[in-house]
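J.: Protein chains in written order, with our numbering: chain A, 200 to 373; chain B, 3 to 222.
Before I ask anything, here is the structure I am working with.
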Amino acid sequence: MAVNLNLLPQEYSVKSGLGAYARLARTLTIILSTFFSVFVLGAIAFFLVSSYTLRQTTAEIEILKSQIKSRQDTELRLALLKDRLAKVKIALSQGSTYRTIEKIEPLLNNLSDASVGELNIDSQKIEASVAFSSFLGLSNFFQNLYSMDSFKSIVMTSFGYNPITGYLTNIRFK
Amino acid sequence: MKSKSKLLLFSFGPLVVIVLLSLFALKYSLSKISDIREQVAANKRTKNILEEKLSLLSEVDADISTSSDISLSALPENSPTAVVISQLKRQAASVGVGLTNIKSGGGIKDKSGLSRVDVSFEALAPREQLLVFLKSIETFAPISLVTKFKLNEIGGISRGTFTVSSYWAPLPQKLPPIDSPINDLTSAEKELLSKISTLTQPIFLEVPASEEIREDAFGI
Numbered sequence: 200m201a202v203n204l205n206l207l208p209q210e211y212s213v214k215s216g217l218g219a220y221a222r223l224a225r226t227l228t229i230i231l232s233t234f235f236s237v238f239v240l241g242a243i244a245f246f247l248v249s250s251y252t253l254r255q256t257t258a259e260i261e262i263l264k265s266q267i268k269s270r271q272d273t274e275l276r277l278a279l280l281k282d283r284l285a286k287v288k289i290a291l292s293q294g295s296t297y298r299t300i301e302k303i304e305p306l307l308n309n310l311s312d313a314s315v316g317e318l319n320i321d322s323q324k325i326e327a328s329v330a331f332s333s334f335l336g337l338s339n340f341f342q343n344l345y346s347m348d349s350f351k352s353i354v355m356t357s358f359g360y361n362p363i364t365g366y367l368t369n370i371r372f373k
Numbered sequence: 003m004k005s006k007s008k009l010l011l012f013s014f015g016p017l018v019v020i021v022l023l024s025l026f027a028l029k030y031s032l033s034k035i036s037d038i039r040e041q042v043a044a045n046k047r048t049k050n051i052l053e054e055k056l057s058l059l060s061e062v063d064a065d066i067s068t069s070s071d072i073s074l075s076a077l078p079e080n081s082p083t084a085v086v087i088s089q090l091k092r093q094a095a096s097v098g099v100g101l102t103n104i105k106s107g108g109g110i111k112d113k114s115g116l117s118r119v120d121v122s123f124e125a126l127a128p129r130e131q132l133l134v135f136l137k138s139i140e141t142f143a144p145i146s147l148v149t150k151f152k153l154n155e156i157g158g159i160s161r162g163t164f165t166v167s168s169y170w171a172p173l174p175q176k177l178p179p180i181d182s183p184i185n186d187l188t189s190a191e192k193e194l195l196s197k198i199s200t201l202t203q204p205i206f207l208e209v210p211a212s213e214e215i216r217e218d219a220f221g222i
């Protein structure tokens, strides 16, 4: 029959609790060492791949930059074009008599037995002084005036009659 | 006691070392991984921007020269007084209107931020012709707007007094950096470009340089 002999003197024997912790510590050390090694290898692999990708993209960027530099004239012209268009838009938004003339032109073209003594036009208003040699001309004029709806206000500022020259009226359009 | 100390040292010592090493390696490598990932992402973003930019520049290359010339003609970088007067005379001649008393002021800074010159003149013609002429003024380049118009009629002859404002602005001084994105024209910009493309362009004559140099031009 086999007999277990403990040849270690009593004073050198290790208590069973501490021995268990020691074994646990050794096991944990092995496990942690394994994870540590795997992690380090993984990190090295990641750095190698990322460094390669970084070098690759940096080289591609430099190639793209040199290609763009070769088209610098096109880029300049595009920037100029956008700048000019923005400023053209501002210029065209400034006041002009064009739209005002378009509104009053039908009235002027339909004048009969009449002459325009004075016509003052700016982007905001029109002031007209019109002379009529006959009542028919005057009547047609006011009929056309009543049918106009493109002005905010039409004000007759004066009206006169002279047996020799006929009718004279001043009108302000806004 | 000695064996106990040895046991503690050889069992727990490596564990402590491994734990400390792991913590240090984790902290160091995580920050480095984060840095390198940011750099790679930034590079990819820059690369995408540059690719789009190059593609756009290749696409617009063919027409950009004409378009930019048209836009510069519509709104020049210097005072266009001489060109405007030339265009006014051309336009007036085409509708049978004679211009007199042409005056222009010095350039002024308009409230819009652009620079402006006002050209005033008179014209004698039947009313209908004057109105046709007035409407034609805004069809030529550089962009010119009739800001004031006065008409006087005496004995069937109409005299028109015009004030025409024309604009200019200096060219942009700075280009954005090479790796900044660039956009194509918006639909509104394309529409505006199409509109100013229809403006009547000024005619410039090239005077050939004379090779003959006269030493005494006045024959004295």
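A virtual CB, placed ideally from N, CA and C, is assigned to each residue, including glycine.
These numbers come from a predicted model, not from an experiment.
Does any CB atom of chain B fall closer than 7 Å to the CB of A:Ser295?
T.: Here residue 295 of chain A refers to the residue found at position 96 of the first sequence. With 7 Å as the cut-off, A:Ser295 counts as an interface residue toward chain B.
J.: Inspect the beta-carbon positions of A:Ser295 and A:Ser322 and report whether they are closer than 7 Å.
T.: The sequence position of residue 295 of chain A within the first sequence is 96, counting from 1. The sequence position of residue 322 of chain A within the first sequence is 123, counting from 1. Contact: yes.
J.: So with CB distances below 8 Å, who are the chain B contacts of A:Gly316?
T.: Here residue 316 of chain A is taken as the residue at index 117 of the first sequence, counted from 1. Ordered by position in chain B, the residues that pass the 8 Å Cβ test against A:Gly316 are Asn154 and Glu155.
J.: Identify the contact partners of B:Val42 in chain A, using a Cβ-Cβ distance below 9 Å as the criterion.
T.: Counting from 1 along the second sequence, the entry for residue 42 of chain B is found at position 40. Correct list: Ser249, Thr252, Leu253 and Thr256.
J.: Taking the beta carbon of B:Ile156 as the centre, do at least 16 other beta carbons fall within 10 Å, making it buried, or is it exposed?
T.: Position 154 of the second sequence, counted from the first residue, corresponds to residue 156 of chain B. Burial call: exposed.
J.: Suppose only complete runs of 3+ residues qualify. What are the beta strand (DSSP E) ranges in the segment 76-147 of chain B, listed by chain order?
T.: Those beta strand (DSSP E) runs which fall completely within the segment 76-147 of chain B and span 3+ residues are 100-106 and 117-127.
J.: Run through chain A and tell me which residues come within less than 8 Å of B:Leu22, C-beta to C-beta.
T.: For the purposes of this step, residue 22 of chain B is identified with residue 20 of the second sequence, where counting begins at 1. Those within 8 Å of B:Leu22 in chain A number zero; the least Cβ separation is about 11 Å.
J.: When you compare only the Cα positions, how much space is there between B:Ser122 and B:Glu79?
T.: Residue 122 of chain B sits at position 120 when you count from the first residue of the second sequence. Residue 79 of chain B sits at position 77 when you count from the first residue of the second sequence. Rounded to whole angstroms, B:Ser122 to B:Glu79 spans 22 Å at the Cα level.
J.: How about B:Leu101 and A:Val315: are their beta carbons less than 7 Å apart?
T.: For the purposes of this step, residue 101 of chain B is taken as residue 99 along the second sequence, with counting starting at 1. For the purposes of this step, residue 315 of chain A is taken as residue 116 along the first sequence, with counting starting at 1. For B:Leu101 and A:Val315, no; Cβs fall outside 7 Å.
J.: Please look up how many angstroms separate the CB atoms of A:Lys324 and A:Arg371, rounded, as I've assumed it's under 8 Å.
T.: Reading the first sequence from its first residue, position 125 is the one you call residue 324 of chain A. Reading the first sequence from its first residue, position 172 is the one you call residue 371 of chain A. Indeed, because the Cβ distance is near 6 Å, the residues count as touching under 8 Å.
J.: Using a Cβ-Cβ cutoff of less than 6 Å, which residues in the same chain neighbour A:Gly359 once the five nearest sequence positions on both sides are dropped?
T.: Counting from one through the first sequence, the residue named residue 359 of chain A turns up at place 160. Excluding residues within five positions, the ones whose Cβ falls inside 6 Å are Leu367.
J.: Taking Cβ-Cβ distances shorter than 8 Å, what residues in chain A pair up with B:Leu173?
T.: Along the second sequence, one-based indexing puts residue 173 of chain B at 171. Simply Leu279 and Asp282.
J.: Reducing DSSP to helix, strand and coil, say where B:Asp181 ends up.
T.: Locating residue 181 of chain B in the second sequence gives position 179, where the first residue counts as 1. Coil.
J.: Would you report the Cα separation of B:Ile145 and A:Arg283, rounded to the nearest angstrom?
T.: Start at 1 with the first residue of the second sequence, and residue 145 of chain B comes out as number 143. Start at 1 with the first residue of the first sequence, and residue 283 of chain A comes out as number 84. One C-alpha to the other measures close to 12 Å.
J.: Let me know if B:Pro82 comes out buried or exposed under the rule of 16 or more other beta-carbons within 10 Å of its beta-carbon.
T.: The residue labelled residue 82 of chain B in the question sits at position 80 within the second sequence. Its Cβ being crowded by 16 or more others within 10 Å, B:Pro82 is buried.
J.: Verify whether the separation of the beta carbon atoms of A:Lys151 and B:Ile180 is less than 7 Å.
T.: In the structure displayed, chain A extends from 200 to 373; residue 151 of chain A sits before or after that span and is not available.
J.: Going by DSSP, what residue range makes up the alpha helix (DSSP H) through A:Ile303?
T.: Reading the first sequence from its first residue, position 104 is the one you call residue 303 of chain A. Element bounds for A:Ile303: Tyr297 to Asn308.
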